[in-house]
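K.L.:
Here you go, one structure.
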Amino acid sequence: LALEKVVMLKAIGSASKEWRSTFDGISEPLTVIDSSYQIVKANKAFAALVEQDIKKLKTRRCYTLLANRRTPCVGCPVGSDAQPQGGTRIQLQGKSKKDLLVWSYGIRTGLESYHFQFYRNVSKETALASTLIQSEKMAALGKLVGAVAHEINNPLAGILATSQILLGEDELDASMRDDIEEIRSAAWRSKKIIDDLLGFTSNSEDQPEEASLLEAVQTSLTFSKAALKEVLVKVQCPDPSPRAGVSLSALQQVLFNLITNAAQAMNGKGTLDIRVGEPGDGSDAWEISVKDSGSGIPAERLKHIFDPFHTSKQEGMGTGLGLSIVRSLTQKMNAKIEVSSEAGRGTEFRLTVPRAMKEEER
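In structure tokens, the structure reads:
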């Protein structure tokens with residue numbers, strides 16, 4: 007009898023060890039939660055998800071660990087009668103700032119009731135959905151801008167025409183002439199802003215394949231003013247009128263992303279150097295350098311900087327798609343983008359774009 011008991015205990019121990027090994031071997035995060043919301047068992051994938059030592063997870067309450075709450079999450083099935091049920095999904099904002107979807111299945115063993123929990127990290131899907139919604143909003147905004155610009159341009163044209171007629175009157179005294187000149191100047195500035203806005207929001211494919219680099223830089227800086235309030239901006243361009251064989255709208259979007267990214271890297275304070283010139287390799291192209299005085303990017307992150315959803319910004323500051331979009335637009339322009347960075351010394355992006363064709367080459 008004693009021998010049978012020993013054999014049985016060994017078999018139970020072996021089965022328990024095998025179950026534990028299988029449980030830990032599953033690549034998806036799993037836990038077993040009791041009726042008081044305490045973690046009874048957790049696998050290694052779950053410990054990695056919440057960035058905790060697996061030995062310290064037992065008896066931790068799930069809602070505290072995952073959602074940083076003092077009470078159970080709204081709609082949580084763990085507190086229910088725990089009869090077998092499946093597929094209940096709860097979206098949590100975890101302690102590690104990840105969006106999770108949780109499937110919970112109730113189980114009962116004798117008088118005890120438990121919930122088997124399966125977790126999936128959907129942070130990337132959430133960010134992508136948010137970005138798609140934002141893209142739709144921007145597309146709608148582009149159409150709205152076009153309609154509004156048309157409505158504003160009509161009265162502006164009237165103001166410009168009338169002011170020009172009035173300035174042609176010989177009887178105007180100097181004071182009135184100055185006032186009318188100021189009105190005309192303000193109307194021209196307003197028209198320039200509207201034209202820039204139309205160019206920025208227009209479809210790149212509809213634009214002629216030639217762009218003024220200085221115009222692209224200045225327009226991008228104009229739309230980045232809010233982020234550059236306390237940033238010293240330096241623009242260098244030895245050539246008075248460099249032109250590239252790319253879409254102006256696409257180039258402006260690339261520069262806007264790079265400038266905004268630089269401003270965020272400096273926390274809105276520092277120096278931004280933008281230089282337009284010839285690349286060092288002597289190729290028939292132009293190089294636009296955007297260099298910030300921020301904290302720099304660690305080497306291990308630098309190689310992933312153009313990957314979708316890769317971001318080093320604080321929570322809520324970005325989705326990690328800005329530089330991915332930059333690379334996509336750069337490829338469409340048949341251009342090239344490179345980055346170099348050093349910890350504590352800032353980051354430099356170098357955009358190489360093809361020169362516009364000369365008149366005799368057309």
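For the sequence shown, our numbering begins at 7 and goes up steadily by one.
Built from N, CA and C at the ideal position, the CB exists for glycine as well.
Please state whether DSSP places Q58 in a helix, a strand or coil.
P.N.:
Translated into the one-based positions of the sequence shown, residue 58 becomes position 52. It is coil, neither helix nor strand.
K.L.:
Is the stretch 185 to 203 in contact with the stretch 264 to 277, if contact means three or more CB pairs nearer than 8 Å?
P.N.:
Output reads no: the stretch 264 to 277 does not touch the stretch 185 to 203.
K.L.:
Going by the beta-carbon positions, is the gap between N172 and I158 smaller than 9 Å?
P.N.:
One-based indexing of the sequence shown puts residue 172 at position 166. One-based indexing of the sequence shown puts residue 158 at position 152. Before going further, note that residue 172 is Leu rather than Asn in the sequence given. No. Outside cutoff.
K.L.:
Grab the span of the alpha helix (DSSP H) containing Y69 for me, first residue to last.
P.N.:
Here residue 69 refers to the residue found at position 63 when the sequence shown is read from its first residue. Its alpha helix (DSSP H) spans residues 68 to 73.
K.L.:
If I'm right that A256 touches W292 with Cβ under 8 Å, what's the distance once you round it to whole angstroms?
P.N.:
For the purposes of this step, residue 256 is taken as residue 250 along the sequence shown, with counting starting at 1. For the purposes of this step, residue 292 is taken as residue 286 along the sequence shown, with counting starting at 1. Going by Cβ atoms, the distance from A256 to W292 rounds to 15 Å, so no, they are not a contact pair.
K.L.:
Any idea if I311 is buried or exposed, counting beta-carbon neighbours within 10 angstroms, 16 or more meaning buried?
P.N.:
Residue mapping note: residue 311 aligns to position 305 of the sequence shown, counting from 1. So I311 counts as buried.
K.L.:
What do you get for D212, buried or exposed, if any count of 16 or more other CB atoms within 10 angstroms of its CB means buried?
P.N.:
The residue labelled residue 212 in the question sits at position 206 within the sequence shown. A caution first: D212 carries a pLDDT of 49, below 50, which makes its placement in the model too unreliable to give a value.
K.L.:
Where does V296 fall in DSSP's three states?
P.N.:
Here residue 296 refers to the residue found at position 290 of the sequence shown. V296 falls in the strand class under three-state DSSP.
K.L.:
Thinking C-alpha only, which one of L178, R75, A362, L335 is nearest S247?
P.N.:
In the sequence shown, residue 247 corresponds to position 241, counting from 1. Of the candidates L178, R75, A362, L335, the one whose C-alpha sits nearest the C-alpha of S247 is A362.
K.L.:
Just tell me which of D176, D184, A232 has its CA closest to the CA of I265.
P.N.:
Taking the sequence shown and counting its residues from 1, one reaches residue 265 at position 259. The candidate whose alpha carbon is nearest that of I265 is A232.
K.L.:
Between the stretch 35 to 43 and the stretch 58 to 69, can you find at least three pairs of beta-carbon atoms closer than 8 Å?
P.N.:
Because the criterion of three Cβ pairs below 8 Å is met, the stretch 58 to 69 and the stretch 35 to 43 touch.
K.L.:
If you follow the beta strand (DSSP E) that E118 is part of, which residue opens it and which one closes it?
P.N.:
Working through the sequence shown from its first residue, we reach residue 118 at position 112. First-last of the beta strand (DSSP E) with E118: 118 to 127.
K.L.:
Across the stretch 340 to 356 and the stretch 290 to 306, are there enough close Cβ pairs to call them in contact, namely three or more that are closer than 8 Å?
P.N.:
Cβ pair count under 8 Å is three or more, so yes.
K.L.:
Rounded to whole angstroms, how far is the Cβ of L203 from the Cβ of V151, which I believe are closer than 8 Å?
P.N.:
In the sequence shown, residue 203 corresponds to position 197, counting from 1. In the sequence shown, residue 151 corresponds to position 145, counting from 1. 6 Å between Cβ atoms; contact.
K.L.:
Who are the Cβ neighbours of E348 in its own chain at under 6 Å, not counting the five residues just before and after it?
P.N.:
In the sequence shown, counting from the first residue as 1, residue 348 sits at position 342. Same-chain partners within the cutoff: G302.
K.L.:
Helix, strand or coil: how does DSSP classify T65 here?
P.N.:
Residue numbering aside, residue 65 sits at position 59 when the sequence shown is read from its first letter. In this structure, T65 counts as coil in the three-state DSSP scheme.
K.L.:
Between which two residues does the alpha helix (DSSP H) holding E216 run?
P.N.:
Within the sequence shown, numbered from 1, the residue matching residue 216 stands at position 210. From DSSP, E216 is part of no alpha helix (DSSP H); its letter is neither H nor E.
K.L.:
Nearest to V237 by CA position, among L227, C243, S27, D245, is which residue?
P.N.:
Here residue 237 corresponds to residue number 231 of the sequence shown, with the count starting at 1. When only C-alpha atoms are compared, the closest one is L227.
K.L.:
Give the range of the alpha helix (DSSP H) segment to which F262 is assigned.
P.N.:
Numbered from its first residue, the sequence shown carries residue 262 at position 256. 254 to 271 is the span of the alpha helix (DSSP H), which, as asked, contains F262.
K.L.:
Closest to P78 by C-alpha separation, out of S110, K50, Y43, would be which residue?
P.N.:
Numbered from 1 along the sequence shown, position 72 holds the residue referred to as residue 78. Minimum Cα distance to P78 is reached at Y43.
K.L.:
Round the Cβ separation of S110 and V84 to the nearest angstrom and send it over; I've been treating them as touching at under 8 Å.
P.N.:
For the purposes of this step, residue 110 is identified with residue 104 of the sequence shown, where counting begins at 1. For the purposes of this step, residue 84 is identified with residue 78 of the sequence shown, where counting begins at 1. Rounded, the Cβ-Cβ distance is 7 Å, consistent with contact.
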